[in-house]
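What follows is a short report on a single structure.
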Amino acid sequence: MRVGGGPASQQGVRRANLALVLDAIASAPRSRAELVAATGLTRAAVSSLVDELTTAGLVAECGPAAPSGKVGRPGTALTLAPDGPGGLGGEIGVAHLAACVVDLRGDVRQWRRLAVDNRGRPVEAVLADLAGLLHDVVDRAGTVPAGLALAVPGPVGAAEGTVVRAPNLGWSDVPVAAGLRTALRTVGAIDLAGLPIDVENEANLGGLAELWLAGRPDDFCHLSAEAGIGAALVVGGRLLRGAGGFAGELGHVPVHPDGPDCPCGARGCLERYAGERAVLEAAGLAGVDGDWVVLLAERARAGDAKVRDALAGAGTALGIAAAGAVSLLDPAEVVLGGGYAELAQWLLPAMRRELAGRVTVRPWADERLTVSPLGRRGPLLGAAVGVVRSVIADPGRFAED
């Protein structure tokens, strides 16, 4: 018999029950009596757990509960504390940095996006600018974050917080979490360097944001683009990462095996037809400054035939790649996100044609190809909301402080 097994087990049960109660409150404001019904716990246990969560700053009263139809006065409704520990998200893009704070309810408290060309910049300079941005949004939000999650444009390896390869930045095996922690120590009055720091691929976070915030089914494929192209594969309500964590590198799926060389070393990759550089070159806009998505959308909306043809060509390539993903994974939906969401009206017709003509071994309907309502906000929202979800999943670490 393991010595001390009883107390450890009791502590584990209590932490699980704290999470059970907080999750029930997160789904909707509830009275203590409603929590008893929702969780199956005793009234005494619920009362004790609610007191603990309130003391920890995670739960607050929000007025009378909705009438239950039972005799007697309605109880007091409990909700997630608006001033409780929030989620801090950061994003490193090829042409921007961004940061945001959300509260426990997932409401955005502060948001900042800074246009900056990070191609070839020293890693230390990028992380120093991001650290300043993170401190700025936390100072303005007036809430203490429970953790920090960072979206990056490349796969993250097994080593904690290390970006294996971000070719559009020129990064390889960069320990981003450690570097950001160092940068955070040099600015700001709040100790953000002591927060847990999680680093995740931006396409994955965009997909998780769709799952958590946009009401997606449990099986879908989320295609997104910034400078490169990525995909988040959600299967059974969980992110499919693959054996080494590299699942979703859709930009390097060959759509034309004999096509042009790709910087990745292969040929005919999707990025050579539907990535930022490829579309701008096809549209005759290579070298034009500014936000590439906004630029293309403005020109296409104005009727520029060359831009529309370039977007139609990108849609064809995307449709070919998406058809392969559909045949392999059988998702309920394919979601067009990131910068593609803002260009969807010119991409969708060609994508639909390719999907209709290539997905032949299973039923497919046009309405299964959808557009993200989150667009380019998805990865940063996914980062910040993911932190909050980790608090709700394990509030015991706050209740014990």
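Numbering-wise (my numbering), the sequence shown opens with residue 20 and increments by one. Where a beta carbon is used, it is the ideal one built from N, C-alpha and C, also for glycine. The model shown is predicted, which means the values in this text are computed figures rather than measured ones.
- Taking the Cα positions, L289 is about 24 Å away from P392.
- Taking the CA atoms as reference points, E143 sits about 40 Å from A342.
- Look at the beta carbons and you see the segment 141-159 touching the segment 206-214: at least three pairs across the two are nearer than 8 Å.
- Taking a 10 Å sphere around the C-beta of T162, we find 16 or more other C-beta atoms and assign the residue as buried.
- Sequence-distant partners of H154 (beyond 5 residues in either direction) whose C-beta falls short of 6 Å from its own C-beta, in its chain, are V206, G207.
- Across the set G94, W365, V274, the C-alpha of W365 shows the shortest separation from the C-alpha of E317.
- When the Cα atoms are used, P48 and A57 turn out to be separated by approximately 12 Å.
- Only buried fits S243, as 16 or more other CB atoms lie within 10 angstroms of its CB.
- In the DSSP assignment, E143 falls within the alpha helix (DSSP H) that extends over 142-160.
- At a Cβ-Cβ threshold of 9 Å, R138 and G189 count as neighbours.
- The Cβ atoms of P186 and N220 lie no closer than 9 Å to each other.
- Looking at the DSSP output, Q129 shares a beta bridge with V120.
- A distance below 8 Å between beta-carbons, with the five flanking residues on each side excluded, links F417 to the following residues of its chain, in chain order: A75, G76, L77, P104, A165, V410.
- By DSSP's assignment, V253 forms a beta bridge with F239, L258.
- Between G270 and G294, the beta carbon gap of about 6 Å places them in contact (Cβ cut-off 8 Å).
- Membership of R200 in the alpha helix (DSSP H) is indicated by the continuous run 195-203.
- In the DSSP assignment, N220 falls within the unbroken beta strand (DSSP E) covering 216-220.
- Secondary structure note for P398: its alpha helix (DSSP H) is the uninterrupted segment 397-412.
- P215 counts as exposed, since fewer than 16 other beta carbons sit within 10 angstroms of its beta carbon.
- Rounded to whole angstroms, L314 and G306 show a C-alpha spacing of 12 Å.
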